[in-house]
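Protein chains in written order, with my numbering: chain Y, 1 to 264; chain D, 265 to 335. Backbone N, C-alpha and C fix where the C-beta goes; we use that ideal spot for every residue, glycine too. Computed from a predicted model, the values in this text were never measured in an experiment.
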């Protein structure tokens, strides 16, 4: 939509896409909150629910079809995300971690699905809400399992350091665990999706501009490079999308694990 | 909290914990002590406090990570 407005821009020279890519109008006039990312987020929830329902509602001992695919995802999340951080508590948290992983992955995949092509997490509000939920859960679990004083004591005073140095290090622990960690948790996902979307938009616009809008002998090779780079970057972006979904779920597991048992 | 029996899964957990905690420790150290240094610079007019604070923050963060995970 915004690409079209760009292409019909009056000036006759190539304008790279910018922030207007993320500034989307409401879908229904007057309902200002209901924009494309909101619609895609709702759609993603439905997809994840339908997928898990189809896979796990009536599980068979010998999995077939959807259940087969979902069990690959389940095994991956359990072995790579949950167990390394949660150990014997892993199974209790699989529901949450699997939902987060699938949810974020579908959000990200929306960025490369033709026609849709908008990664939900490139609007920072979405990762912030997820990261904030994990943050609240982390503090709740920490206080519940280590006690209100014990949790903060274990967090700020790791054992085995010379006493005077705690004065200097405890503030770093506090800031790192309670402010910087949740901040980077959300921003890491947001920034990757934001940058990826701009890169894809840029290269496809280069291809479109030099091959269709302003076809010249000198510009054509540039347009070909644009198309090739769009394809290559789409592949790379799909890898990043998976990686970021994995990292988001993994960090959630790490925060939960550290709240259940103090680090030692 | 610091029993010395190491469960098999703890090895990987410690490593990943360390790897993913380092950036936020470094950032925290720089913000905290760099910020304190900046405030000192503002109040005293001695410019050197800001870089001293930044370096002190990074050094403390590295020391913390080393003592926590690097034994």
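Of all residues in the region 293-307 of chain D, the ones placed with a Cβ closer than 9 angstroms to any Cβ belonging to chain Y are 293, 295, 296 and 297, in chain order. Contacts with chain D at 7 angstroms (Cβ-Cβ) do not include residue 164 of chain Y. DSSP places residue 17 of chain Y in the coil class of the three-state scheme, outside both helix and strand. When rounded, the separation of the alpha-carbon atoms in residue 176 of chain Y and residue 325 of chain D is 10 angstroms. Of all alpha-carbon atoms in Y:239, Y:202, Y:241 and Y:236, the one lying nearest the alpha-carbon of residue 225 of chain Y is that of Y:202. Secondary structure at residue 83 of chain Y: helix, using DSSP grouped into helix, strand and coil.
Less than 7 angstroms divides the Cβ of residue 291 of chain D from the Cβ of residue 180 of chain Y. Comparing alpha carbon positions, the residue from Y:41, Y:54 and Y:172 closest to residue 123 of chain Y is Y:41. CA-to-CA, the gap between residue 255 of chain Y and residue 220 of chain Y works out to about 51 angstroms.
Excluding residues up to 5 positions away in sequence, 90 and 94 lie with their Cβ nearer than 7 angstroms to the Cβ of residue 78 of chain Y in the same chain.
The closest CA to that of residue 131 of chain Y, considering only Y:261, Y:262 and Y:250, is found on Y:250. A direct Cα-Cα distance of roughly 10 angstroms separates residue 127 of chain Y from residue 182 of chain Y.
Looking at the backbone, the Cα of residue 174 of chain Y and that of residue 157 of chain Y are separated by about 10 angstroms. Chain D places a beta carbon closer than 7 angstroms to that of residue 171 of chain Y, counting this residue as a contact.
Look at residue 94 of chain Y here: in three-state DSSP terms it is helix.
Following the DSSP letters along the chain, one finds residue 31 of chain Y in no alpha helix (DSSP H), marked with neither H nor E.
Among the residues of chain D, none has a CB under 7 angstroms from the CB of residue 229 of chain Y; the nearest is roughly 30 angstroms distant.
Between the region 95-103 of chain Y and the region 64-76 of chain Y, the count of Cβ pairs shorter than 8 angstroms is three or higher; the stretches touch. Contact between the region 152-168 of chain Y and the region 106-115 of chain Y is not established, with fewer than three Cβ pairs separated by less than 8 angstroms. Setting aside the 5 residues that flank it on each side, residue 301 of chain D is surrounded in the same chain by 313, 314, 316 and 317, each with a C-beta closer than 6 angstroms to its C-beta; the list follows chain order. Going by DSSP, residue 71 of chain Y is part of the alpha helix (DSSP H) stretching over 66-76.
For residue 215 of chain Y, there is no enclosing alpha helix (DSSP H), since its DSSP letter is neither H nor E. Under the Cβ criterion (8 angstroms, minimum of three pairs), the region 10-23 of chain Y counts as touching the region 202-216 of chain Y. Put simply, the CB of residue 318 of chain D is far from chain Y, with every gap to its CB atoms at 7 angstroms or more. For residue 287 of chain D, the chain Y residues whose Cβ falls inside 9 angstroms of its Cβ are 180 and 184, in order along the chain.
For residue 233 of chain Y, the enclosing alpha helix (DSSP H) begins and ends at 219-260. With 16 or more other CB atoms across the displayed protein chains lying within 10 angstroms of its CB, residue 237 of chain Y is buried.
In the DSSP assignment, residue 185 of chain Y falls within the alpha helix (DSSP H) that extends over 181-208. By the CB criterion at 7 angstroms, residue 168 of chain Y and residue 244 of chain Y fall outside the cutoff. Contact check for residue 230 of chain Y against residue 112 of chain Y fails: the beta carbons are separated by 7 angstroms or more.
Exposed is the label assigned to residue 145 of chain Y, since fewer than 16 other Cβ atoms lie within 10 Å of its Cβ.
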